[in-house]
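Here you go:
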């Protein structure tokens, strides 16, 4: 079969997007860019039945209701409910365990924004082709700035629609990131991966035998209710959490990448939300009803209360319930350290 | 009798203090500095029975309930309810018409802040002494900056506890204000006046005979319910509105001033509120429960919703009901021009 199975990961608390992102409805499930949630956008990007089969969704128990609510009513899917968060490697391995070994998985975080879904779709096909040849494939996102917040992938020799991976690089400092951008041949690691389910499990068994064993055991002991699968909590609890990058991608000898330029953003903070939105000619974004007087580069996000602003530059103003956040744009990454996101229920 | 009659003027919409100041509860009646309203503070400043008699309050119909609610329960007073706003000269003349001609009136706007009530009290006595000698006395507030937002009074020869007025000066430009400050002998006109009721009416009759006649007629036709006096609306409506400064003080040959330094502020906008509040060592003011992270010179005023701020400088954040105002401190005077204060009911 030629279809790709989307594996949609619904982790990530999005504390830097507080107060809109809250424990009860975190980042993937709120409308940050456009009229649907990032989760729903991830589902919609993989909805072409000629390219994708039904998605496998991995989430925590807390968000099952939100997921059901936000999926299209006619959508078929399976939902793996993690008993607790253990980072991406166990989540992806669970999904792999639930699939045919030859199934081509496309692992997609549910909390990213992709402005160009056609480019995504094309890259997914290229990645799937390499995965069918038993490569473990990362999307390599074309960098447009010397970003220090992401890991990088250095490309190796050309291969099919992509490259071999020369190496994975940890988040660089500014000077290194600038070198990467100037040199070319480096791409951002956006956490989007394609591989055969069997190959992922095989590599995991090789590099993280304990984790692979525990995942297999947790899945074997799962409780299934229709399309909801709840792995055995005791077995799952034994797993030491680790990212798929550390556990597999940086170790495997079969790492490949497909380059892609698709208007990708991890929407990591309010400044990134601002970048992803269509701004007016002064760089402002605010819904109708708010008033920005002599403002430049200002983002207003509100749950309905009216924001009136005078003479502001480079600020994010976010209103949600009984919380108002005002942050300088270039300090948006510090929002997660405030009391608010760390004291909410 | 030696007592002073406070005449408390409750006009002024305070649109620059929106969204806390609203048509339904404007500037004099909200708690901007301290735990009581500016109106209540004006009443309390004149509450020493050894110096002051019961106040005469002048307000519009819309605020009668607020006034009653905010007065001390044991307070005796009379309340003149203007049928419509006609600026300060008719309001003060109405109060004068309600008093014995020899009564010493002390006209006090209800929407100012005075940090040093003892200095106010002392200046009131000095002004009353001059008023008893038939002078029309202005408080001359010692300037501490080259303010362009107030009218100035240039002092003349020394006389009793004050000076004759050499002349009143319109709001100056910056250079002129700086000259005034450097030269000395200039004080701010804070709209606080003392005179005998009879002298005020005599001078008004001389310089604005029509207004004096209409006020007398409106008061003669007043409807009285207990201590509430409602002048005849038809007669009052005929009056052309004018300030007491233009109508009388700038014309009279008997203008005097008493100098006073009493921590006065007209609380003209949110920056002035910020100045009047006790700031922390970074120049911030926020009630407990808000979080200011790396902020300098920031004012937070909220009706209860939590404000969280990161990396801000020189900003006012004001939250009230469904409105959030964020203004640069030095643009606070422009708040009155926003849609919000001009569209509220």
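Chains as they are written, first to last, in the working numbering: chain A, 476 to 820; chain B, 476 to 820.
The beta carbon of each residue, even a glycine, is placed where N, CA and C say it ideally should be.
Just so it is clear, the structure is predicted and the values come from calculations on it, not from any experiment.
Check, Outcome
"Distance between residue 626(A) and residue 717(A) (C-alpha atoms, nearest Å)", "15 Å"
"4-residue-minimum alpha helix (DSSP H) runs that sit fully inside the segment 594 to 671 of chain A, ordered along the chain", "649 to 658"
"Close-in-space but distant-in-sequence residues of the same chain around residue 768(B) (CB under 8 Å, 5 per side omitted)", "783, 784, 785, 786"
"Residue 837(A) to residue 707(A) span [Cα, whole Å]", "One cannot answer for residue 837(A) here, as it falls past the ends of chain A, which runs 476 to 820."
"C-beta contact flag for residue 569(A) and residue 581(A) at 7 Å", "no"
"Within-7 Å CB hit, residue 780(B) to chain A", "yes"
"Closer than 7 Å to chain A by CB, residue 792(B)", "yes"
"Sequence-distant residues of the same chain with beta carbon closer than 6 Å to residue 777(B), five excluded per side", "794"
"Spatial neighbours of residue 829(A) in its chain, beta-carbon cut-off 7 Å, leaving aside the 5 residues before and after", "As displayed, chain A neither begins before 476 nor continues past 820, which places residue 829(A) out of reach and without an answer."
"The alpha helix (DSSP H) enclosing residue 569(B), as first and last residue numbers", "563 to 572"
"Host beta strand (DSSP E) of residue 691(A) (start-end)", "First-last for residue 691(A): 684 to 695, but that is the alpha helix (DSSP H), not the beta strand (DSSP E)."
"Under the three-state DSSP convention, the category residue 679(A) falls into", "helix"
"Residue 809(A): first and last residue of the uninterrupted alpha helix (DSSP H) it sits in", "Counting along the chain, residue 809(A) falls outside any alpha helix (DSSP H), and DSSP gives it neither H nor E."
"Residue 532(A): first and last residue of the uninterrupted beta strand (DSSP E) it sits in", "531 to 535"
"Reduced DSSP category for residue 546(A) - H, G, I as helix; E, B as strand; rest coil", "coil"
"Contact with chain B by residue 784(A), beta-carbon distance below 7 Å", "yes"
"Whole-number beta carbon distance between residue 617(B) and residue 740(B), since they are thought to touch under 8 Å", "The Cβ separation is near 13 Å, so there is no contact."
"Residue range of the alpha helix (DSSP H) that includes residue 416(B)", "This structure gives no information on residue 416(B), because the portion of chain B shown stretches from 476 to 820."
"Nearest residue (CA-CA) to residue 596(B), options 771(B), 672(B), 808(B), 525(B)", "525(B)"
"Interface residues of chain B facing residue 810(A) [CB-CB closer than 7 Å]", "785"
"Where residue 799(B) sits in the DSSP three-state scheme", "strand"
"Proximity of residue 636(B) and residue 601(B) at Cβ, strictly below 7 Å", "yes"
"Segment contact flag, the segment 718 to 731 of chain A with the segment 741 to 748 of chain A, C-beta cutoff 8 Å, min 3 pairs", "no"
"Residue from 533(B), 545(B), 528(B) with nearest C-alpha to residue 842(B)", "Lying before the first or after the last residue shown, residue 842(B) is absent from chain B, which here runs from 476 to 820."
"Completely contained alpha helix (DSSP H) runs for the segment 693 to 733 of chain B, where each covers 4 or more residues", "708 to 712"
"Cα-Cα separation between residue 721(B) and residue 514(B), rounded to whole angstroms", "25 Å"
"The segment 551 to 566 of chain B in contact with the segment 517 to 535 of chain B per 3-pair CB rule at 8 Å", "yes"
"Option in 502(A), 492(A), 493(A) with minimal Cα separation from residue 484(A)", "502(A)"
"Span separating the alpha-carbon of residue 565(A) from that of residue 664(A)", "19 Å"
"Short CB-CB distance (under 7 Å) between residue 741(B) and chain A", "no"
"Supposed close pair residue 567(B), residue 719(B) - CB separation, criterion 8 Å", "5 Å"
"Contact list for residue 815(A) against chain B, beta-carbon separation under 9 Å", "766, 781, 783"
"Nonlocal neighbours in the same chain, by C-beta distance under 7 Å from residue 517(B), ignoring five residues either side", "483, 583, 585"
"Neighbour list for residue 798(B) in chain A, Cβ cutoff strictly below 9 Å", "780, 781, 782, 783"
"Anticipated Cβ contact below 8 Å, residue 505(B) with residue 499(B), distance rounded", "That pair is no contact at about 10 Å."
"Identity of the residue in 773(A), 749(A), 649(A), 723(A) nearest residue 684(A) by Cα", "723(A)"
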